[in-house]
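A short write-up of the structure that comes next.
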Ligand code: GUN
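In my numbering, the protein residues as written are 3 to 286.
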């Protein structure tokens, strides 16, 4: 293996320690940042994510409130819970864990969250602000990727950045952040023909598809920076990313591991967004 490993665990610990310090300073000014996490249903993976988010919040000295709701909760009841949180001055950030059960309109739920408390950055008005270069909240996973690139001093101005996966949560906001940093961005999707021809041009390659092994070493330009956002559990129980790590690590200059890469950064940036939301209430 030739690649440098980008250690998301270590970087996230640094970010979280920095947030904890700023939380203490904010508390001195009479504000304790508060995050509410709403979990609908009993999806085991979502339960783990929510538990980790709440624990990180508390470790940083923030108020954490988890609101578990049954999988058959009517949509109107969920919207009423969000509305109460919108009005609650102790809550600065609201996150509804996705995916939601099929009978609930995810778009409507996200649009019901106050844009000023939308620490996921998924609300259309936050997506629009990001697109027009005036971001309020940057979605946590792409924000974490930008932090990793910054910590590695990866030059982005004029760089060729290729993103595989065009979701609202990762791919599209990632494209906006890389574009704002001066990269030339290519956004690939499931219909892209000859994916390798696109990925081989990338100085910075971000892969977020949920398909294990979709990018292999022979699809990577020698010396590229490879960011693997995927987290997939194989039938064997092993956790792997979307990038075939062993072959990619022969070619890339630097690569994120799975686990221990992008995943921990997502939670760290959620804390950053919650802190920023709380800080803004002092100036309003
Ligand atoms: N489910 C998977 N990733 C996310 C995320 O970043 N935010 C929320 N709310 N749900 C998710």
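Each residue gets a CB set at the ideal place from its N, CA and C atoms; glycine is no exception.
Keep in mind it's a predicted model, so treat the numbers as computed, not measured.
Give me the DSSP bridge partner(s) of residue i.
i	result
residue 186	162
residue 230	209
residue 40	69 and 98
residue 7	257
residue 217	245
residue 235	241
Just to confirm, are residue i and residue j a CB contact at a threshold of 8 Å?
i	j	result
residue 274	residue 244	no
residue 227	residue 202	no
residue 150	residue 7	no
residue 283	residue 33	yes
residue 214	residue 242	yes
residue 129	residue 162	no
residue 87	residue 59	no
residue 17	residue 277	no
residue 1	residue 132	Look at the range of the chain in this structure, 3 to 286, and you will see that residue 1 is not part of it.
Looking only at its chain, what residues have a beta carbon closer than 6 Å to the beta carbon of residue i, apart from the 5 residues adjacent to it on each side?
i	result
residue 176	144, 165 and 208
residue 148	179
residue 40	69 and 98
residue 158	183, 184 and 185
residue 156	227
Among the residues of its own chain, which have a CB less than 7 Å from the CB of residue i, if the five just before and after it don't count?
i	result
residue 181	187
residue 100	108
residue 135	182
residue 5	251, 254, 255, 256 and 257
In its own chain, which residues sit with a C-beta less than 8 Å from the C-beta of residue i, not counting the 5 before and 5 after it?
i	result
residue 111	77, 80, 81, 84, 98 and 102
residue 198	220 and 221
Quiz item: Any contact of the segment 20-30 with the segment 62-77, i.e. 3+ C-beta pairs under 8 Å?
Solution: Yes: the two stretches touch, three or more of their Cβ pairs being nearer than 8 Å.
Exercise. For the segment 158-177 and the segment 185-192, state whether three or more C-beta atom pairs, one from each stretch, are separated by less than 8 Å.
Key: Touching, yes.
Self-check item: Stretch-stretch touch, CB-based, cutoff 8 Å, three pairs: the segment 116-129 with the segment 85-97
Solution: At 8 Å Cβ cutoff, the stretches touch.
Quiz item: Using 8 Å as the Cβ pair cut-off and three pairs as the minimum, do the segment 251-265 and the segment 103-114 touch?
Solution: Between the segment 251-265 and the segment 103-114 there are fewer than three inter-stretch CB-CB distances shorter than 8 Å, so the stretches are not counted as touching.
Quiz item: On the three-pair Cβ rule with 8 Å, is the segment 33-46 touching the segment 70-87?
Solution: In this structure the segment 33-46 lies against the segment 70-87, because at least three pairs of beta carbons, one per stretch, are closer than 8 Å.
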